[in-house]
Amino acid sequence: MSAQRKHAATVTTTDHRPIRDRLADAVAGAVARVAAEQGLELVVDPSTVHLERPARREHGDWSTNIAMVTAKRAGTNPRALATSVVEVLERSLPAHVVSVELAGPGFVNFRLDDGWLHEAMAAVLAEGEDGYARPDIGHGERVQVEFISANPTGPIHVGNGWWGSYGDALARVLARSGHVVSREYYVNDTGGQIRTLGMSLLARAQGADVPEGGYQGQYVTDLAAEYDGPDDVTAAGRWAADRILDKIKATLASVGIVFDEWYSQASIEESGAVDETVALLEAKGLVYEQDGATWFRSEQLGDVRDRVLRKANGDATYLAGDLAYHRDKFLVRGFDRVIDVFGADHHGQVASLMAGVEALGVDPGRLEVKLGQMVSLVDGDETVKMGKRAGNAIDLDTVISDIGPDATRILSLMSSLDQAATFDLASVREQSAENPVFYVQMASARIGGVGRKAAERGVARAPLAEVDLSLLTHPRELEVLRCLEELPEVVADAAVDRAPTKVTTWVRKLASNFHGFYHDCPILADDVDPALAQARLWLVEASRIGLAIGLGLLGVSAPEAM
RNA sequence: GCCCCUGUAGCUCAGCGGAUAGAGCGUCGCCCUCCGGAGGCGAAAGCGCAGGUUCGAUUCCUGCCAGGGGCACCA
33 MSAQRKHAAT VTTTDHRPIR DRLADAVAGA VARVAAEQGL ELVVDPSTVH
83 LERPARREHG DWSTNIAMVT AKRAGTNPRA LATSVVEVLE RSLPAHVVSV
133 ELAGPGFVNF RLDDGWLHEA MAAVLAEGED GYARPDIGHG ERVQVEFISA
183 NPTGPIHVGN GWWGSYGDAL ARVLARSGHV VSREYYVNDT GGQIRTLGMS
233 LLARAQGADV PEGGYQGQYV TDLAAEYDGP DDVTAAGRWA ADRILDKIKA
283 TLASVGIVFD EWYSQASIEE SGAVDETVAL LEAKGLVYEQ DGATWFRSEQ
333 LGDVRDRVLR KANGDATYLA GDLAYHRDKF LVRGFDRVID VFGADHHGQV
383 ASLMAGVEAL GVDPGRLEVK LGQMVSLVDG DETVKMGKRA GNAIDLDTVI
433 SDIGPDATRI LSLMSSLDQA ATFDLASVRE QSAENPVFYV QMASARIGGV
483 GRKAAERGVA RAPLAEVDLS LLTHPRELEV LRCLEELPEV VADAAVDRAP
533 TKVTTWVRKL ASNFHGFYHD CPILADDVDP ALAQARLWLV EASRIGLAIG
583 LGLLGVSAPE AM
């Protein structure tokens, strides 16, 4: 114990940057030194030095492959170069570094004292839930994320819930990493499908069967019972679409998905923007008439074929509207970047959309289309049927009321968008023991429990300045700290890769580490040294912050009790 | 036929250029005088096949095989 106290001599460095940056500087400096001493042609920029946390602890706390990636360029071999780099680094060890060694094919491994983790913990506590893990990689870039955009012709399905959870979590991740984000839902409230919906509604209202190709679902019958508008298919369709859209909004809000903008396709057409867009393309010689229709020469812009913009009957196609819409996004509203999240069944539109955007003079690199693969549902051993036109399909709303909003979101964010995933409702249903949501939320509840128990026993957290964090030396404590230290990079990676799933993986890891700590490190037991108890209470608080940030990015609640 | 995505443990999924590939569930075996055992510890079990690039490939490239989704004057 007193031995632990000795470590308390806090290592104060004036350099508060992340340890990774400091090590990168040291490595780059060492390489420069080696190059100078040995006359090698070798210059490395610190920002290009790759540093990683080795999977195996015996390989140290940090590791760099610098010798392996530069040896050839320098005209030497990896192990020889690494040996020299190690020698130079040993002359003056960077802060917290206890030893540097050469390993394997030429890795340079760093072993650090625990102080770097205590520093990381102090940073978590100092910056808090709002400030920690807020890497500015966006530099204020204005990005719009358009997602779901399901047609308001029926309840939204589970796939929309998945892609919606993705789009929303991506928006959260981008917002946290220095982007100015706007969430948008494009409402397809015009065109043939609306008339089909109106026709289906009117048929039901008259007590007739819905004609072939119409919408058969019970919701149409229910809406028909309320309808007392005109006998016009378009009017009836719009009326029904409005009702359905309200329902969709409510469903999405129940899982924490809210949009900044619900953009109406009809409004675009009515504004004349579609005509203007077609005229713009025409002015560029990209439009021609054939068979009574107006065509876009998209093939010469990378599409597999040319596309119709205006049908022979005079109606604008979906593409024409979509191009006007994207022109509005980029050229009118001025987003720097647009990310469209589509279902894989809309893959066919991507090439023509890209071609059109480019033709309108927008750098196509500013438009990203993420395709969500199809999802299938399973309930234990049973396959669950989905599909809008089928009568008894399971829709998103049904799933949410079955397994709850948090489970719905975490389930959606456990697998990558590119993976055609199978979700098992049974694995996540309330009251079930084998539930990944509970595992994470249990950590949150335990954190709350510690707070309640501490209050019960009259134990208050001392001011952080009076607490000796260096008492945290138990492997379980250090594992939690290692995990917390990674969060800023996890957020950055998730943003850059457009992969909020990385946050899910991290949250589960933090929960696992916390459970291990909780299990092995008593906090409020009588035989725990009060100074250590204080440090552990603050570790619980740091964990709370990390968990709150992570779950917040996923849109999952962090309950204080369960 | 062409385009996109995917093939990792019995199942569902992580890992996306690094040194002995992870988790949950399932199977087998341990741990409750302890702040919530809805926990913790351990065991068995895996990168579709073949080439290539690289100091190094589950990860990148090509081909093949298998599965899913697209290729409308529908949205």
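The first sequence lines up with residues 33 to 594 when you count with the working numbering. Idealized CB from N, CA, C, for every residue including glycine.
Practice prompt. Would you decide whether Asp162 is buried or exposed? Buried here means 16 or more other CB atoms lie within 10 Å of its CB.
Written response: Position 130 of the first sequence, counted from the first residue, corresponds to residue 162. Asp162 comes out exposed.
Discussion item. Rounded to the nearest angstrom, what separates Ile300 and Ala356 at their Cα positions?
Written reply: To locate residue 300, count along the first sequence from 1; it is residue 268. To locate residue 356, count along the first sequence from 1; it is residue 324. Each residue's Cα considered, the two are about 7 Å apart.
Worksheet entry | Collapsed DSSP secondary structure at Met33 in the structure displayed | Counting from one through the first sequence, the residue named residue 33 turns up at place 1. Bear in mind that a pLDDT of 35 at Met33, under 50, signals an unreliable position, so the number given afterwards is only what the model happens to contain. Of the three classes helix, strand and coil, the one that applies to Met33 here is coil, per DSSP.
Worksheet item: So what's Thr533 in DSSP terms, helix, strand or just coil?
Response: Mapped onto the first sequence, residue 533 falls at position 501. Residue state, collapsed to three classes: helix.
Practice prompt. Would you mind stating whether Ala531 and Ser209 have Cβ atoms separated by less than 7 Å?
Written response: Taking the first sequence and counting its residues from 1, one reaches residue 531 at position 499. Taking the first sequence and counting its residues from 1, one reaches residue 209 at position 177. No. Outside cutoff.
Worksheet entry | Same chain, Cβ closer than 7 Å to Leu564, neighbours up to 5 away in sequence not counted | If you number the first sequence from 1, residue 564 lands on position 532. Around Leu564: Leu503.
Item to complete: Identify, in the order they occur along the chain, each residue of the same chain with its Cβ nearer than 8 Å to the Cβ of Leu407, setting aside the five sequence neighbours on each side.
Response: Counting from 1 along the first sequence, the entry for residue 407 is found at position 375. A small fix is needed here, since residue 407 is Val in this sequence, not Leu. Around Val407: Val190, Gly191, Trp194, Ala452, Ala453, Thr454 and Phe455.
Worksheet item: Which same chain residues, not among the five before or five after Asp411, have their C-beta less than 8 Å away from its C-beta?
Response: As a first step, residue 411 must be located in the first sequence, where it is residue number 379. Excluding positions up to five away in sequence, the list reads Asp456, Leu457 and Ala458.
Worksheet item: What runs of the alpha helix (DSSP H), each 4 residues or longer, lie entirely inside the region 442-498?
Response: 468-488
Worksheet item: Once you ignore the five residues that flank Leu496 on each side, which residues in its own chain have a CB closer than 7 Å to its CB?
Response: Within the first sequence, the letter at position 464 stands for residue 496. The answer, listed in chain order, is Leu157 and Trp570.
Item to complete: Under 8 Å by Cβ, that's how I've got Ile98 and Val120 pegged, so tell me the actual separation to the nearest angstrom.
Response: Working through the first sequence from its first residue, we reach residue 98 at position 66. Working through the first sequence from its first residue, we reach residue 120 at position 88. A Cβ-Cβ separation of about 12 Å leaves Ile98 out of contact with Val120 under the 8 Å criterion.
Discussion item. I'd like to check one pair, Leu428 with Ile188: are the Cβ atoms closer than 7 Å?
Written reply: Along the first sequence, read from residue 1 onward, the residue named residue 188 stands at position 156. Along the first sequence, read from residue 1 onward, the residue named residue 428 stands at position 396. Yes; because the gap between Cβ atoms is below 7 Å, this pair is in contact.
Discussion item. Given this structure, state the Cα-to-Cα distance separating Phe470 from Gly587, to the nearest angstrom.
Written reply: Taking the first sequence and counting its residues from 1, one reaches residue 470 at position 438. Taking the first sequence and counting its residues from 1, one reaches residue 587 at position 555. Approximately 15 Å between the Cα atoms of the pair.
Item to complete: Just the C-alpha distance for Ser384 and Arg329, rounded to the nearest angstrom, thanks.
Response: The count along the first sequence starts at 1 and reaches residue 384 at position 352. The count along the first sequence starts at 1 and reaches residue 329 at position 297. Taking the straight line joining both Cα atoms gives about 10 Å.
Fill in: At least 3 beta-carbon pairs within less than 8 Å: the region 219-229 vs the region 273-290
yes
Worksheet item: Which stretch, first to last residue, makes up the alpha helix (DSSP H) that contains Asn192?
Response: Along the first sequence, read from residue 1 onward, the residue named residue 192 stands at position 160. Unbroken alpha helix (DSSP H) run through Asn192: Val190 to Arg208.
Practice prompt. Output yes or no for whether 7 Å exceeds the beta carbon distance between Gly199 and Val373.
Written response: Along the first sequence, one-based indexing puts residue 199 at 167. Along the first sequence, one-based indexing puts residue 373 at 341. For Gly199 and Val373, yes; Cβs fall inside 7 Å.
Worksheet item: CB Gln176 to CB Val370, shorter than 7 Å?
Response: Within the first sequence, the letter at position 144 stands for residue 176. Within the first sequence, the letter at position 338 stands for residue 370. Note that the C-beta distance between Gln176 and Val370 is below 7 Å.
Discussion item. Could you tell me the alpha carbon to alpha carbon distance between Arg441 and Glu133, rounded to whole angstroms?
Written reply: Stepping through the first sequence from its first residue, residue 441 is reached at position 409. Stepping through the first sequence from its first residue, residue 133 is reached at position 101. C-alpha separation (whole angstroms): 44 Å.
Practice prompt. Return the CA-CA distance between Asp77 and Arg54, expressed in angstroms with no decimal places.
Written response: Position 45 of the first sequence, counted from the start, is the residue given in the question as residue 77. Position 22 of the first sequence, counted from the start, is the residue given in the question as residue 54. Looking at the two C-alpha atoms, the distance is approximately 13 Å.
Fill in: Residue from Val205, Ser232 and Asp559 whose Cα sits closest to the Cα of Val242
Here residue 242 is taken as the residue at index 210 of the first sequence, counted from 1. Here the closest residue by C-alpha is Ser232.
Worksheet item: Just to confirm, are Arg595 and Gly138 a CB contact at a threshold of 7 Å?
Response: Coverage of the chain is limited to positions 33 through 594, which leaves residue 595 absent and any answer about it impossible.
Worksheet entry | Beta-carbon contacts of Ser34 that lie in its chain and below 7 Å, excluding the five residues immediately before and after | Your numbering for residue 34 matches position 2 in the first sequence. Confidence in Ser34 is poor, its pLDDT being 37 and thus under 50, which makes the residue's placement too unreliable to answer from.
Practice prompt. Can you grab the Cα-Cα spacing for the pair Ala492 / Gly578, in whole Å?
Written response: On the first sequence, position 460 is the one that residue 492 refers to. On the first sequence, position 546 is the one that residue 578 refers to. In this model, Ala492 and Gly578 are separated by some 21 Å (Cα to Cα).
Discussion item. According to DSSP, is Ala391 part of a helix, a strand, or is it coil?
Written reply: Walking along the first sequence from the start, residue 391 turns up at place 359. Here Ala391 sits in helix by DSSP.
Fill in: Span separating the alpha-carbon of Arg215 from that of Ser476
For the purposes of this step, residue 215 is identified with residue 183 of the first sequence, where counting begins at 1. For the purposes of this step, residue 476 is identified with residue 444 of the first sequence, where counting begins at 1. About 29 Å.
Fill in: Close beta carbons around Ala325, own chain, < 7 Å, minus the five adjacent residues each side
Within the first sequence, numbered from 1, the residue matching residue 325 stands at position 293. So the list reads Val340, Arg342, Lys343 and Ala344, once near-sequence residues are dropped.
Discussion item. Determine whether the beta carbon atoms of Leu516 and Ala574 lie at a separation below 7 Å.
Written reply: Walking along the first sequence from the start, residue 516 turns up at place 484. Walking along the first sequence from the start, residue 574 turns up at place 542. Yes, they are a contact pair.
Worksheet item: How many angstroms separate the CA atom of Glu314 from the CA atom of Arg174?
Response: Residue 314 sits at position 282 when you count from the first residue of the first sequence. Residue 174 sits at position 142 when you count from the first residue of the first sequence. Computed Cα separation, rounded: 30 Å.
Discussion item. Which residue wins for smallest C-alpha separation from Gly160, given the options Pro520, Ala543 and Ala526?
Written reply: Position 128 of the first sequence holds residue 160. Comparing Cα-Cα distances from Gly160 to each of Pro520, Ala543 and Ala526, the minimum goes to Pro520.
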